[in-house]
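As they're listed, the protein sequences go chains B and Y.
Per the working numbering, the first sequence starts with residue 1, numbered consecutively.
Per the working numbering, the second sequence starts with residue 1001, numbered consecutively.
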Amino acid sequence: KNEVEQSPQNLTAQEGEFITINCSYSVGISALHWLQQHPGGGIVSLFMLSSGKKKHGRLIATINIQEKHSSLHITASHPRDSAVYICAVTGSGSRLTFGEGTQLTVNP
Amino acid sequence: NAGVTQTPKFQVLKTGQSMTLQCAQDMNHNSMYWYRQDPGMGLRLIYYSASEGTTDKGEVPNGYNVSRLNKREFSLRLESAAPSQTSVYFCASSGAAVGGEQYFGPGTRLTVT
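Have a look at this one:
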């Protein structure tokens, strides 16, 4: 079992829909990261959080430390949100462990 | 600021050839990392450097060497390339602490035939 599990692996939505991507982890962590990888390959950090909730524009990230679970929500989705969303955790040794990613496609 | 830059963007090697991937950051970050990304797998850490003058192995270090030349630059060397090293390689950096928010380079797509 991977230390970081994401679901779903693939997600297709219609423009305007509310989207949720989930991340579960099995190790103790000091922080959880959400990253976005665009079709061109570049990777951008969206959030780093260790408790509660963070919001940036239409993106919201939450974490429940007790349940070892995080969610990334996208409100009013748009085709430009189409990308791979990656969850990663900072665990022991302060190194990041990554999930396999969720491929999101938003159709107009 | 350019952020994190990597060269080259693409490279094709024959088995047994050597090459060095270059990475530089202009954000005055202490920590730098080399990852590889393969289809169906998450990013995996090859080596990292918590500060100038130090390097440590990550999850998949075999077949690679690194040099933290100065605070800005962190290079990855393949001494004798193998087809299993065909991958996309990303360099990243982070401020204050290892494991902090990471800034990624554009990646190098390497094919070993």
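Beta carbons are placed, not taken as given, at the ideal position from N, Cα and C, and that holds for glycine.
Q. Is any beta-carbon of chain B found at less than 8 Å from that of residue 1089 of chain Y?
A. No, its Cβ sits nowhere closer than 8 Å to a Cβ of chain B.
Q: For the beta strand (DSSP E) containing residue 1025 of chain Y, list its first residue and its last residue.
A: Element bounds for residue 1025 of chain Y: 1019-1025.
Q | Cβ of residue 1041 of chain Y within 8 Å of any chain B Cβ | A | Among the residues facing chain B, residue 1041 of chain Y is included, as its CB has a counterpart in that chain under 8 Å away.
Q) Does DSSP classify residue 103 of chain B as helix, strand or coil? A) In this structure, residue 103 of chain B counts as strand in the three-state DSSP scheme.
Q) What's the C-alpha gap between residue 1068 of chain Y and residue 85 of chain B? A) If I take the Cα positions, the gap works out to 30 Å.
Q: Output the distance between the C-alpha atoms of residue 1014 of chain Y and residue 1079 of chain Y, rounded to the nearest integer angstrom.
A: Roughly 12 Å separates the two Cα atoms.
Q) Does the beta-carbon of residue 1010 of chain Y have 16 or more other beta-carbons within 10 angstroms, so that it is buried, or is it exposed? A) By the neighbour-count rule (16 or more Cβ atoms within 10 Å), residue 1010 of chain Y is not buried but exposed.
Q: Within its chain, find whatever has a CB closer than 6 Å to the CB of residue 73 of chain B; leave out the 5 residues flanking it on each side and keep chain order.
A: For residue 73 of chain B, the CB contacts under 6 Å within the same chain, skipping 5 residues up- and downstream, are 20 and 60 in chain order.
**Q.** Rounded separation between residue 1111 of chain Y and residue 50 of chain B - CA only
**A.** Cα atoms of residue 1111 of chain Y and residue 50 of chain B: separation of roughly 38 Å, rounded to the nearest angstrom.
Q) Does the beta-carbon of residue 1192 of chain Y have 16 or more other beta-carbons within 10 angstroms, so that it is buried, or is it exposed? A) An answer regarding residue 1192 of chain Y cannot be provided, because it is not within the stretch 1001 to 1113 covered by chain Y.
Q | Selected residue, minimal CA-CA separation from residue 43 of chain B, among Y:1005, Y:1051, Y:1085 and Y:1017 | A | Measuring from the Cα of residue 43 of chain B, the nearest candidate turns out to be Y:1005.
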